[in-house]
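To start, the structure under review is shown below, and the notes come after it.
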Amino acid sequence: MQVRWGVSTGAILVAGLLTGSGLAGTGGPQEAADKEPAPSVDIELVIAVDVSYSMDLDELAVQREGYAQAIVSKEFLQALRGGPNGKISITYFEWSASSDQKIIIPWRVIDGPETADAVANEIMRTPVRRGSRTSISGAILYAMPLFDENPSRGFRRVIDISGDGPNNNGPPITPVREEALGKGIVINGLPIMVKEPSYPSMDIENLDWYYEDCVIGGPGSFVVAIKDRDTFKEAIRAKLLLEVAGRSPEHRVVPVAEKEPRVSCTIGEKIWQDRWGR
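Listed below in C-alpha cells is the structure:
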C-alpha cells in the first residue's frame, strides 16, 4: 500500500506529530531470520539526495541545510525517543547519473543530541557538488546493498529519495522499484517542484504524481512534494519526522494494483531521446 500526499508546508503535520509518536501498524517490523539478533535500532534510513545539474546551487545548499537542521531539531529528537529502541541508523548519499553516487555520511547511529549534531555537522562540512543526468533507478540500485553493510539492524528499512525530475538515465524505474519492494524495503519520495518546468532542465508537470505512481512503494510509503522554496526545509523536516515515528500522513490509501500511472514511468527517458536521440 502507498499513500498519495503532497504539501507546500509541513507546519500542520509537524504539530500533529508532536502530539504523540511511536511505530504505527502501517510500517510493521520485518520478518527476521531465526539466527538474526533483535533489532538494535528502530529504522535503517538511507537518504538519497539528487545533485543533478537541474538543481541550482541555492537549491542544493538549502537541501543540505534542510536535512542537517531537521536531524538536530527538537521535534526530530522527540520522535526518536518515542521508538522502541530510541535510536535510528542513517546513511546519506548524493546521486545524479546511474554511475554517479557518493556517500556523504556512512552508516551512523543517532541516539540523541550529540550524535545528531555530529551527523548534521558532517553533512554541512562536505562541499556541494553537482552531476549530470538523473537516475532515480541508479540511486535505488545503489541504496539496496547499503542495508547489508549496516552493522545495525532495524524494524524497518527505508530509502528516502529526493529529486526534481524524472528518471532519464540507467534502467527503467519500475522494475528497480519492484526489486527493492521485494526485499522488504520501503521507498518514500520528496519531489522538488519549486521551479516552473523548462526545456533545458527537463522538468515535468506533476512530478509528485510521477513519484507517487512510479517511484515510491511499500507499506505506508508516501510523498511530500515541495512546491514552495520558502517551505523547503520545513517539508524535509516533516518527512523525516514521519519516517522516524513510523507514521504515514492521514490521506486516502490507494492500492497500487487499482490504478494506472497518471504520468508515464518512462517520460524522462522519452524526453531525453526526443531531444538528444540517445
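Numbering (the numbering used here), first residue to last: 983 to 1260. Beta carbons are placed, not taken as given, at the ideal position from N, Cα and C, and that holds for glycine.
Open item on the list: Using a Cβ-Cβ cutoff of less than 8 Å, which residues in the same chain neighbour MET1037 once the five nearest sequence positions on both sides are dropped?
Closed with: Position 55 of the sequence shown holds residue 1037. A distance below 8 Å between beta-carbons, with the five flanking residues on each side excluded, links MET1037 to the following residues of its chain, in chain order: GLN1045, ARG1112, ASP1146 and ILE1174.
TODO: Give the DSSP-derived three-state secondary structure of LEU1172 in the structure shown.
DONE: Your numbering for residue 1172 matches position 190 in the sequence shown. Correct three-state label for LEU1172: strand.
- [ ] List the endpoints of the continuous beta strand (DSSP E) containing PRO1088.
- [x] As a working mapping, residue 1088 is identified with position 106 in the sequence shown. If you look at PRO1088, you'll find it in the beta strand (DSSP E) that goes 1083–1092.
Open item on the list: Does ASP1024 pass the burial test, meaning 16 or more other C-beta atoms within 10 Å, or should it be called exposed?
Closed with: On the sequence shown, position 42 is the one that residue 1024 refers to. It counts as buried.
Task: Which listed residue (GLY1202, GLN1083 and PHE1075) has its alpha carbon closest to that of VAL1101 - done: Here residue 1101 corresponds to residue number 119 of the sequence shown, with the count starting at 1. Nearest of GLY1202, GLN1083 and PHE1075 to VAL1101, Cα basis: PHE1075.
- [ ] May I have a chain-ordered list of the alpha helix (DSSP H) segments no shorter than 4 residues that lie completely inside the segment 1078–1154?
- [x] The segment 1078–1154 is shown to contain whole alpha helix (DSSP H) runs of 4 or more residues at 1095–1107, 1118–1125 and 1128–1131, in chain order.
TODO: Go ahead and label ARG1244 buried or exposed: buried means 16 or more other beta carbons lie within 10 angstroms of its beta carbon, across all protein chains shown.
DONE: Counting from one through the sequence shown, the residue named residue 1244 turns up at place 262. By the 10 Å Cβ count, ARG1244 comes out exposed.
Open item on the list: With H, G and I counted as helix, E and B as strand and the rest as coil, what does DSSP make of ILE1025?
Closed with: For this step, residue 1025 is matched to residue 43 along the sequence shown. For ILE1025, the secondary structure class from DSSP, reduced to helix, strand or coil, is strand.
Task: Buried/exposed call for ILE1249, threshold 16 Cβ in 10 Å - done: Numbered from 1 along the sequence shown, position 267 holds the residue referred to as residue 1249. Sixteen is the threshold: when 16 or more other Cβ atoms of the shown chains lie within 10 Å of the Cβ of ILE1249, as they do, the residue is buried.
TODO: Just mark LYS1252 as buried or exposed, buried being the case when its beta carbon has 16 or more other beta carbons within 10 Å.
DONE: Position 270 of the sequence shown, counted from the first residue, corresponds to residue 1252. Around the Cβ of LYS1252, a 10 Å sphere holds fewer than 16 other Cβ atoms; the residue is exposed.
Task: Meets three-Cβ-pair contact criterion under 8 Å: the segment 1166–1173 and the segment 1197–1211 - done: The answer is yes - the segment 1197–1211 touches the segment 1166–1173, with three or more Cβ pairs under 8 Å.
Open item on the list: Between the alpha carbons of LYS1056 and TRP1089, how many angstroms are there, rounded?
Closed with: In the sequence shown, residue 1056 corresponds to position 74, counting from 1. In the sequence shown, residue 1089 corresponds to position 107, counting from 1. Cα to Cα, LYS1056 sits roughly 22 Å from TRP1089.
TODO: State buried or exposed for ASP1256, treating a residue as buried only when at least 16 other CB atoms are found within 10 Å of its CB.
DONE: Working through the sequence shown from its first residue, we reach residue 1256 at position 274. Around the beta carbon of ASP1256, fewer than 16 other beta carbons sit within 10 angstroms, so the residue counts as exposed.
Task: ALA1006 versus VAL1226 - alpha carbon distance - done: As a first step, residue 1006 must be located in the sequence shown, where it is residue number 24. As a first step, residue 1226 must be located in the sequence shown, where it is residue number 244. For ALA1006, the predicted structure reports a pLDDT of 37, less than 50, and the residue's modelled location is therefore unreliable. A value from the coordinates is still provided. When rounded, the distance between both Cα atoms is 11 Å.
Task: Whole-Å CB distance - ILE1092 paired with THR1073, under 8 Å assumed - done: Here the question's residue 1092 lines up with position 110 in the sequence shown. Here the question's residue 1073 lines up with position 91 in the sequence shown. Between THR1073 and ILE1092 the Cβ distance is about 11 Å, and since that is not below 8 Å, they are no contact.
- [ ] Using three-state DSSP, classify ALA1006 as helix, strand or coil.
- [x] As a position in the sequence shown, residue 1006 is number 24, starting the count at 1. Residue placement at ALA1006 cannot be trusted, given a pLDDT of 37 that sits under 50; the coordinates are not used to answer.
- [ ] Give me the Cα-Cα distance between GLY1164 and GLY1048, rounded to the nearest whole angstrom.
- [x] The residue labelled residue 1164 in the question sits at position 182 within the sequence shown. The residue labelled residue 1048 in the question sits at position 66 within the sequence shown. Cα-Cα distance, rounded: 31 Å.
Task: DSSP three-state assignment for GLY1199, whether helix, strand or coil - done: In the sequence shown, counting from the first residue as 1, residue 1199 sits at position 217. The answer is strand: DSSP assigns GLY1199 an E or B state.
TODO: Could you tell me whether any Cβ in chain D is nearer than 8 Å to the Cβ of ALA1043?
DONE: This model lacks chain D altogether; it includes just one protein chain.
Task: Boundaries of the alpha helix (DSSP H) in which ARG1219 is found, first to last residue - done: Position 237 of the sequence shown, counting from 1, holds the residue named residue 1219. Here the alpha helix (DSSP H) through ARG1219 covers 1214–1227.
Open item on the list: Taking the alpha-carbon of ILE1053 as reference, which of PHE1137, ASP1082, ALA1125 and ALA1217 has the nearest alpha-carbon?
Closed with: Along the sequence shown, one-based indexing puts residue 1053 at 71. The candidate whose alpha carbon is nearest that of ILE1053 is ALA1217.
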